[in-house]
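One structure below.
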Amino acid sequence: MANEADTPVGRRKFLSGAAAGTAGIVAASNMGSAEQANQQTREQGQGQAAPSDVALRVKALESILVEKGMVDRATIDAVIETYESKIGPRNGASVVARAWVDEAYRKRLLADGTAAIAELGYGGAQGEHMVVVENTPAVHNLVVCTLCSCYPWPVLGLPPTWYKSAPYRSRAVIDPRGVLREFGVTLAEDVQVRVWDSTAEIRYLVLPERPPGTERMTEEQLAALVTRDAMVGVAKVSASRGAAA
Amino acid sequence: MNGIHDMGGMHGMGPIQVREDERPFHAEWEGRAWGLIRAAGPFGPARRRNFRYEHEVLPPAQYLQMQYYERFIKLLVDRLMTAKLLTQAELDSGRADPASPKSQPRVTPAMIAEQATRRRSLRRDDLRIQPGFTVGQDVRARNINPVGHTRLPRYMRGHRGTIVTDHGIFDFQDTDADGYALPARPQHVYTVSFTARELWGETANARDTVHAELWEDYLERA
Numbered sequence: 027m028a029n030e031a032d033t034p035v036g037r038r039k040f041l042s043g044a045a046a047g048t049a050g051i052v053a054a055s056n057m058g059s060a061e062q063a064n065q066q067t068r069e070q071g072q073g074q075a076a077p078s079d080v081a082l083r084v085k086a087l088e089s090i091l092v093e094k095g096m097v098d099r100a101t102i103d104a105v106i107e108t109y110e111s112k113i114g115p116r117n118g119a120s121v122v123a124r125a126w127v128d129e130a131y132r133k134r135l136l137a138d139g140t141a142a143i144a145e146l147g148y149g150g151a152q153g154e155h156m157v158v159v160e161n162t163p164a165v166h167n168l169v170v171c172t173l174c175s176c177y178p179w180p181v182l183g184l185p186p187t188w189y190k191s192a193p194y195r196s197r198a199v200i201d202p203r204g205v206l207r208e209f210g211v212t213l214a215e216d217v218q219v220r221v222w223d224s225t226a227e228i229r230y231l232v233l234p235e236r237p238p239g240t241e242r243m244t245e246e247q248l249a250a251l252v253t254r255d256a257m258v259g260v261a262k263v264s265a266s267r268g269a270a271a
Numbered sequence: 177m178n179g180i181h182d183m184g185g186m187h188g189m190g191p192i193q194v195r196e197d198e199r200p201f202h203a204e205w206e207g208r209a210w211g212l213i214r215a216a217g218p219f220g221p222a223r224r225r226n227f228r229y230e231h232e233v234l235p236p237a238q239y240l241q242m243q244y245y246e247r248f249i250k251l252l253v254d255r256l257m258t259a260k261l262l263t264q265a266e267l268d269s270g271r272a273d274p275a276s277p278k279s280q281p282r283v284t285p286a287m288i289a290e291q292a293t294r295r296r297s298l299r300r301d302d303l304r305i306q307p308g309f310t311v312g313q314d315v316r317a318r319n320i321n322p323v324g325h326t327r328l329p330r331y332m333r334g335h336r337g338t339i340v341t342d343h344g345i346f347d348f349q350d351t352d353a354d355g356y357a358l359p360a361r362p363q364h365v366y367t368v369s370f371t372a373r374e375l376w377g378e379t380a381n382a383r384d385t386v387h388a389e390l391w392e393d394y395l396e397r398a
C-alpha cells in the first residue's frame with residue numbers, strides 16, 4: 027500500500043487500516059491499475075531497508091500464531107520450499123517436451139490429461155482433472171479464470187501475478203487477441219482463438235507448438251525452451267529460450 | 177453473487193504486467209504469507225463458508241486494491257477473529273496475549289508434501305445420474321442471479337452455446353446467500369463452447385470461441 031508505507035505499523039490498527047487506506051487510493055487513482063501499482067511498489071521495495079506495510083503485518087501475524095502454538099515456523103519453510111523447488115512450471119515443461127518427442131504419449135495426453143501427466147509423476151491439489159489443449163497453426167488456446175485464479179498447480183506451480191490480476195481476468199475473454207498482442211504474440215485473423223475459462227474443477231495446460239529448428243534437440247533441451255507463459259497460452263515457444271518471453 | 181470478482185468482459189482495468197519471471201514469490205513476505213495460510217488454514221470457525229465466497233464479499237474497492245496473498249491473509253485473520261483465536265489487541269500490538277490458550281499446530285512440516293500431491297476431487301464417480309444434455313447439443317446458459325457463490329459468470333448468462341464434453345458428475349458448488357454450502361446436489365458438468373460473436377457481438381472474430389465448464393443447473397435447452 028503505497029500511501030501507508032511510511033506510517034509506523036505499531037501505531038495503527040493492524041489490518042483494519044487496510045480498508046481506509048484502500049478507499050483513499052481508489053478514489054484518487056485508476057482502479058484498474060491499482061494491482062499494478064502494488065506490484066511496482068513491491069518491486070521498488072525489494073532491496074530497500076524499509077519493508078512494506080503488508081510485509082510487516084504478515085511478519086507480526088506469524089509471530090503471534092507461532093507464540094500461540096498454532097503454527098510451526100518449519101511448516102511455513104516447508105511450504106515455501108515445496109513451491110520454490112518441487113512444484114512449478116518445469117513440471118509442465120517436461121510434460122510438453124515428452125509430448126513433442128513421443129507421439130503415443132502426445133495422444134494419451136490429449137485424450138486423458140490427468141492420467142498422462144501422472145505417468146511423469148505429477149498430480150494432486152488443483153490438478154485433479156486436467157485437460158490438455160493443443161496449439162496448431164490453425165488454433166491458439168488461452169487459459170484464464172475470470173472468477174478467481176484457478177490454475178493447474180501440479181504442472182505450473184502457483185500462478186503469476188498477471189494471471190491473478192484484474193486486467194488479465196477481465197480482458198482475456200472479450201479481447202484475447204489484444205491480450206496476446208500485449209504479450210508480444212500477434213495472430214493472423216484466420217487462426218482460431220479458443221479461450222478456456224476455468225469455471226469449475228477442470229484445470230488446463232496448453233500444449234504449445236514445437237518450434238522449427240529443434241529437430242536435433244534432446245527431450246531435456248526441449249523442456250528448457252518451454253516457458254510458463256507458453257503453457258498458459260500467452261506466448262509461443264521459441265527455439266532460443268531468451269526470445270520466448 | 178454479481179460481485180467485482182466476476183470480471184470477465186469488463187473494460188478499464190489497465191494494461192497487463194507481462195514481464196514476470198517464473199519465481200513463485202517476488203518478495204519474501206509473499207512466501208511467508210502463503211506458508212502461513214497453509215499452516216494456519218485448519219484453524220477457524222467450525223462451520224466454514226465457501227472460501228471463494230469469502231473473497232467475493234470483500235468490498236469491491238478493497239478486492240481490487242489488495243494483492244492476492246494480502247487478500248488471503250486478511251481472510252485468515254477474519255476467520256481466526258471470528259473463532260476468537262485472535263484479538264484486535266493482539267493484532268495491534270503484534271504480540272500474543274500471554275493469557276491466551278496454547279494450541280498445537282494442526283499442520284506439520286511432514287504433511288506439506290502429502291498435501292500438495294493429494295487429490296481432492298469433487299467428482300462423484302460413485303453415483304449414476306443420467307445426463308440431461310448430450311455432446312453436440314445446443315444449450316443456453318440460464319439467466320440467473322444468485323446472491324451466494326456461483327460459478328456461472330455473468331458474461332455467459334442468457335447466451336447460447338454447444339456442449340463439447342461431459343466431464344461426469346461433480347458436487348454442485350453454489351452456496352446459500354451467506355456463503356454456506358447448500359445440500360449436495362451432484363450433477364453433470366459440461367464444457368460448453370460459446371462463439372465470441374454470441375457473447376460479444378458482431379465485432380468479435382467469427383472463428384473465436386470461449387469455453388467454460390458449467391454445472392447442469394446452469395443450463396437449459398436452447
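So the protein sequences, as listed, match chains D and V.
If you use the working numbering, the first sequence corresponds to residues 27 to 271, in order.
If you use the working numbering, the second sequence corresponds to residues 177 to 398, in order.
Where a beta carbon is used, it is the ideal one built from N, C-alpha and C, also for glycine.
Model, not experiment: these values are computed from the prediction.
Taking the continuous alpha helix (DSSP H) assigned at residue i, which residues delimit it?
| i | result |
| --- | --- |
| residue 116 of chain D | 115-127 |
| residue 14 of chain D | Since the first and last residues shown for chain D are 27 and 271, residue 14 of chain D lies out of range. |
| residue 146 of chain D | Element bounds for residue 146 of chain D: n/a, residue is neither H nor E. |
| residue 240 of chain V | 236-241 |
| residue 257 of chain V | 244-258 |
| residue 332 of chain V | Note, residue 332 of chain V: premise wrong, no alpha helix (DSSP H); not H, not E. |
| residue 202 of chain V | Element bounds for residue 202 of chain V: n/a, residue is neither H nor E. |
| residue 258 of chain D | 254-258 |
| residue 160 of chain D | Not the alpha helix (DSSP H): residue 160 of chain D falls in the beta strand (DSSP E), residues 155-160. |
| residue 262 of chain V | It is not in any alpha helix (DSSP H) - residue 262 of chain V carries neither H nor E in the DSSP assignment. |
| residue 99 of chain D | 99-107 |
| residue 203 of chain D | 202-208 |
Here's a check: name, in chain order, each residue in its chain whose Cβ is nearer than 7 Å to the Cβ of residue i, leaving out the five neighbours to either side.
| i | result |
| --- | --- |
| residue 382 of chain V | 373 |
| residue 371 of chain V | 385 |
| residue 183 of chain D | 109, 113, 114, 115 |
| residue 139 of chain D | 156, 157, 158, 231 |
| residue 245 of chain V | 206, 209, 210 |
| residue 202 of chain D | 168, 219, 221 |
Apart from the five residues on each side of it in sequence, which residues of its chain come closer than 8 Å, Cβ to Cβ, to residue i?
| i | result |
| --- | --- |
| residue 224 of chain D | 169, 170, 171, 176, 177, 230 |
| residue 219 of chain V | 255, 256, 259, 261, 279, 282 |
| residue 163 of chain D | 217, 235 |
| residue 151 of chain D | 179, 180 |
From the DSSP output, read off the bridge partner residues of residue i.
| i | result |
| --- | --- |
| residue 218 of chain D | D:165 |
| residue 314 of chain V | V:338 |
| residue 369 of chain V | V:338, V:387 |
| residue 357 of chain V | V:351 |
| residue 290 of chain V | The partner list for residue 290 of chain V (beta bridge, DSSP) is empty, contrary to what the question assumes. |
| residue 345 of chain V | V:364 |
| residue 146 of chain V | Any answer about residue 146 of chain V is impossible in this case: the structure gives chain V only from 177 up to 398. |
| residue 299 of chain V | V:346 |
By alpha-carbon positions, which one of the options ends up nearest to residue i?
| i | options | result |
| --- | --- | --- |
| residue 290 of chain V | D:163, D:108, D:143, D:243 | D:108 |
| residue 271 of chain V | D:97, D:100, D:258, D:93 | D:93 |
| residue 308 of chain V | V:199, V:395, V:264, V:287 | V:395 |
| residue 248 of chain D | D:84, D:88, D:162, D:121 | D:121 |
| residue 282 of chain D | D:181, D:166, D:164 | Nothing about residue 282 of chain D can be reported from this structure: the residues present for chain D run from 27 to 271 only. |
| residue 91 of chain D | V:280, V:306, V:177 | V:280 |
| residue 261 of chain D | D:99, D:238, D:243, D:212 | D:212 |
| residue 219 of chain D | D:198, D:227, D:208 | D:198 |
| residue 210 of chain V | D:84, D:78, D:77 | D:84 |
| residue 106 of chain D | V:239, V:228, V:276, V:199 | V:199 |
| residue 231 of chain V | D:190, D:228, D:214, D:208 | D:190 |
| residue 275 of chain V | D:207, D:95, D:101, D:151 | D:95 |
| residue 102 of chain D | V:253, V:286, V:314, V:353 | V:286 |
| residue 77 of chain D | V:352, V:293, V:358, V:203 | V:203 |
Leaving aside the five residues before and after residue i along the sequence, list all residues of the same chain whose C-beta is less than 6 Å from its C-beta, in chain order.
| i | result |
| --- | --- |
| residue 365 of chain V | 343, 346, 389, 391 |
| residue 362 of chain V | 300, 303, 345, 347 |
| residue 194 of chain D | 188 |
| residue 131 of chain D | 124, 125 |
| residue 259 of chain D | 167, 168, 169, 232 |
| residue 55 of chain D | For residue 55 of chain D, the predicted model reports a pLDDT of 37, less than 50, meaning its position is unreliable; a value from the coordinates is still stated below. Contacts found: none. |
| residue 64 of chain D | Confidence at residue 64 of chain D is low in this model, with a pLDDT of 49, below 50, so its placement is unreliable and the value that follows should be read with caution. If we look at residue 64 of chain D and ignore the five residues flanking it on each side, it has no Cβ neighbours. |
Can you tell me where the beta strand (DSSP E) holding residue i begins and where it ends?
| i | result |
| --- | --- |
| residue 230 of chain D | 228-233 |
| residue 396 of chain V | 395-397 |
| Looking at chain D, which residues of the region 321-351 of chain V have a Cβ within less than 7 Å of any of its Cβ atoms? | Residues 327, 329, 331, 343, 346.
| task | For the region 234-251 of chain D, enumerate the residues whose C-beta is nearer than 9 Å to any C-beta of chain V, in chain order. | result | Those residues of the region 234-251 of chain D that come within reach of chain V (Cβ to Cβ, closer than 9 Å) do not exist; the list is empty.
| query | Going along the region 86-105 of chain D in order, which residues come within less than 9 Å of chain V, judged by CB to CB distance? | reply | Taking 9 Å as the Cβ-Cβ cut-off against chain V, the residues of the region 86-105 of chain D that qualify are 86, 87, 88, 89, 90, 91, 92, 93, 94, 95, 96, 97, 98, 99, 100, 101, 102, 103, 104, 105.
| field | Chain-ordered residues of the region 211-233 of chain V with a beta carbon less than 9 Å from chain D | value | Per Cβ criterion, the list reads 211, 212, 213, 214, 215, 216, 219, 228, 231, 232.
| request: Taking only beta carbons into account, state which residues of the region 120-151 of chain D come closer than 7 Å to chain V, listed in chain order. | output: Answer set for the region 120-151 of chain D: 149, 150, 151.
| field | Cβ-based contacts, 7 Å cut-off: residues of the region 250-265 of chain D near chain V | value | The region 250-265 of chain D vs chain V, Cβ under 7 Å: 254.
| task | Would you list, in chain order, the members of the region 384-398 of chain V that have their beta-carbon closer than 8 Å to a beta-carbon of chain D? | result | Cβ contacts with chain D come from 384, 385, 386, 387, 388, 389, 390, 391.
| request: Report the residues of the region 290-316 of chain V with a CB closer than 8 Å to any CB of chain D, ordered along the chain. | output: Those residues of the region 290-316 of chain V that come within reach of chain D (Cβ to Cβ, closer than 8 Å) are 291, 292, 293, 294, 295, 296, 297, 298, 299.
| query | Taking a cut of 7 Å between CB atoms, which residues from the region 273-286 of chain V lie near chain D? | reply | For the region 273-286 of chain V, which is checked against every Cβ of chain D, the residues closer than 7 Å are 276, 278, 279, 280, 281, 283, 284, 285.
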